[in-house]
Structure formats: structure tokens, C-alpha cells
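One gets the numbering used here by counting positions in the sequence shown from 1 and adding 783 to each. Each residue gets a CB set at the ideal place from its N, CA and C atoms; glycine is no exception. Quick notes on the structure that follows.
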Amino acid sequence: MSFFGNKALIAASVLTAFLSGCANVPTMDQATALEAINSNPPEGQARIYVYRDGLLGASLYKDIYIDGKCLGESAPQTFFYADVEGDKDHFVSTESEFSPNHLFIHTKANQKYYIQQFLKMGVFVGGAALTQVDKETALRAMLECKLAVPGTCSSAQKIEISSQQ
């Protein structure tokens with residue numbers, strides 16, 4: 784086999800491993816998930832949803848943090864939510880291949896915010912990123928997802944943001 788044939792075979796093997804398999808995390812029942820989607824945050828707080836709906840990197844788990852606290856470890860077709868202080872700046876983070884990726888968001892009291900976590904090709908393993916999406920897009924995706932049990936992150940790192948940012 785030629786040099787280029789070997790490279791193509793290796794690349795195909797890596798891609799197959801990246802796309803195959805399926806990560807699972809503990810989830811709650813559908814009634815609890817619908818209640819989380821349809822209920823409102825407590826008075827004076829905001830609610831942040833983080834969901835992962837793609838199949839890319841199906842075998843990968845990715846930690847999610849809000850303000851440096853572990854929200855949970857995502858898997859395909861899962862979502863989390865957290866109630867946070869309203870009228871305040873917050874940051875949502877996800878572990879990625881080499882360092883965490885952050886999304887900064889200013890919340891308003893009694894509002895809901897929707898963040899999509901998506902995986903992307905990396906050098907060694909898949910990376911992860913976050914983007915804020917509109918309510919309609921998020922709800923369509925979240926209704927196909929399961930509410931993950933919060934509070935378990937695999938990385939031992941604590942996510943912190945300097946006050947200079």
C-alpha cells in the first residue's frame with residue numbers, strides 16, 4: 784500500500800471511531816424533562832438550558848460548567864438546566880480538546896436562555912463549543928433530548944475566569 788493509501792486508511796479509521804459508539808449518561812423521566820422545559824425560573828432568577836443534539840462525537844462525554852460549577856457531563860441528545868441569579872453576567876463553559884471554551888451571557892431576571900453545545904473535529908479527540916440559540920430552535924431540539932442528571936463532571940479541573948475578561 785502506498786504512503787497516501789496508509790494515510791487515508793488511518794484517517795478513515797479515526798473518523799469511524801469518532802463517529803461510532805454512543806455515550807450514555809443518567810437521565811430523568813420524560814415527565815420531569817417536560818416540566819423542566821415548561822416551568823419558569825424562580826422569581827428574580829434566570830434559567831439557562833444547555834443541550835447537545837448532534838450525533839458527531841457520539842461516544843464522547845463533555846463536561847459543562849456554569850460560573851465554574853459542574854452542571855454535568857453531556858452525551859448526545861441530552862440537556863441540562865440551571866437557575867442562576869438574574870440581572871447578572873454568567874459564563875457557561877465546556878471542556879474541549881485542549882482547554883475549556885466559554886460563552887459569556889448577561890441574564891435578565893425571570894428570563895430563559897438556550898445554549899447549544901456542539902462537537903467538532905479535533906486533532907486527537909473531538910472538541911466542543913457553545914453557542915446561544917433562539918427559543919424555537921432550542922425547544923425543537925430539546926424535545927428530542929433527555930434531561931440529564933446534573934452534577935457529575937469527569938474532569939478534575941475547576942473552571943475559573945479572571946475578572947479581567
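Query - Distance, residue 853 Cα to residue 736 Cα - result: Missing from the structure shown is residue 736; the chain here goes from 784 to 948 and no further.
**Report entry** Closest residue to residue 895 among 814, 855 and 828 (Cα-Cα distance)
**Finding:** Nearest in C-alpha terms to residue 895, of all of 814, 855 and 828, is 828.
Query raised in the report: How long is the line joining the alpha carbons of residue 924 and residue 878, rounded to whole angstroms?
Result: Rounded to the nearest angstrom, the two C-alpha atoms are 21 Å apart.
Report task. Starting from the N-terminal side, write out each stretch of the alpha helix (DSSP H) that is 4 residues or longer and does not extend beyond the region 850 to 922. Result -> Taking 4 residues as the shortest admissible run, the region 850 to 922 contains no complete alpha helix (DSSP H) segment at all.
Query - Span separating the alpha-carbon of residue 817 from that of residue 897 - result: Their backbone Cα atoms lie some 15 Å apart in a straight line.
Query raised in the report: What residue from 811, 927, 899 and 825 has the CA that sits closest to residue 884's CA?
Result: When each option's Cα is compared against that of residue 884, the closest is 899.
Query raised in the report: Going by beta carbon distance, what residues of the same chain come within less than 6 Å of residue 904, once the five residues before and after it are set aside?
Result: Counting only Cβ-Cβ distances below 6 Å, and skipping sequence neighbours, we find nothing.
Query - From 845, 836 and 869, residue whose alpha carbon lies closest to that of residue 933 - result: It is 845.
Query raised in the report: Secondary structure at residue 817, three-state DSSP: helix, strand or coil?
Result: Helix.
Query raised in the report: If you drop the 5 nearest sequence neighbours on each side, which residues of the same chain put their C-beta closer than 6 Å to that of residue 887?
Result: Closer than 6 Å at the Cβ level, and outside the excluded window around residue 887, lie 874.
Query raised in the report: Hey, out of 916, 815, 930 and 868, whose CA is closest to residue 825's CA?
Result: Looking at 916, 815, 930 and 868, the one whose alpha-carbon comes closest to that of residue 825 is 868.
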